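First up is the structure itself, then whatever we jot down about it.
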Amino acid sequence: SRRSRSVMVERKRGKRRPACSPRQPNLPVSRCVSVSAESELIDAIIPLVAGTASVRVGVPTSWNPSSPTHYQVFQAGPSTSQAQHSRTSTLVQVTVWASDTVKAQSLASDLHTRLLRLRSTDRVSAILPRLGVMPVHDPETHAELATFTVDVRLRVS
37 SRRSRSVMVE RKRGKRRPAC SPRQPNLPVS RCVSVSAESE LIDAIIPLVA
87 GTASVRVGVP TSWNPSSPTH YQVFQAGPST SQAQHSRTST LVQVTVWASD
137 TVKAQSLASD LHTRLLRLRS TDRVSAILPR LGVMPVHDPE THAELATFTV
187 DVRLRVS
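What follows is the structure, given as structure tokens:
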């Protein structure tokens with residue numbers, strides 16, 4: 037199921053070494069993109085949802101349809117380096133867990149639009165659209181979900 041996969045992704049991430057592991061000790065910390073793209077996007081989402089929901093890589097194990105809305109953020113593809121532009125690009129998926137389909141789709145659509153309108157920061161050069169908002173139903177938790185993907189472009193120093 038979707039929820040099980042999400043929890044597994046979070047557990048795997050905790051055990052994974054970042055891109056600048058001892059195999060590549062000379063790389064600056066800013067090149068540890070696999071974790072940074074997620075954390076940068078989470079940092080961008082938190083003020084947009086204004087404390088009305090939880091935001092993290094996995095899904096809380098106690099989450100159910102009567103729980104508050106949850107925004108799940110995780111890397112959906114490998115990071116690619118664009119050395120000529122001093123940036124990396126990472127595909128990141130955002131899934132909104134909500135009590136009903138209309139709410140999940142509405143919140144996901146609103147967040148998608150707001151993320152695409154964000155100005156660049158010291159670390160994020162751009163957030164570009166990829167897959168638009170799609171509704172999903174999780175048969176295990178009976179949760180109504182909506183998901184989308186964005187391309188997070190990070191500056192590399």
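Heads up: the sequence shown is residues 37 to 193, going by our numbering. Idealized CB from N, CA, C, for every residue including glycine. Predicted, not measured: the structure shown is a model, and the values here were computed from it.
For valine 132, the closest C-alpha among the options Ala179, Arg189, Thr116, Val192 is that of Ala179.
In the DSSP secondary-structure assignment, alanine 134 is bridged to Glu180. Under the criterion of beta carbons closer than 8 Å, valine 188 and valine 130 do not qualify as touching, at roughly 10 Å.
Counting the other CB atoms within 10 Å of its CB gives leucine 143 a total of 16 or more, which places it among the buried residues. When the five nearest sequence neighbours on each side are left out, the beta carbons in the same chain lying within less than 8 Å of the beta carbon of histidine 148 are those of Val130, Pro165, Gly168, Val169, Phe184, Val186, in order along the chain. When the alpha-carbon of aspartate 136 is set against those of Glu76, Gln111, Thr88, Ala182, the nearest one is in Ala182.
Aspartate 158 sits exposed, since fewer than 16 C-beta atoms from the chains shown fall within 10 Å of its C-beta.
A distance below 8 Å separates the beta carbons of threonine 105 and alanine 134.
Partner residues in a beta bridge of alanine 73, as assigned by DSSP, do not exist. In the DSSP assignment, the residues bridged to alanine 162 are Arg189.
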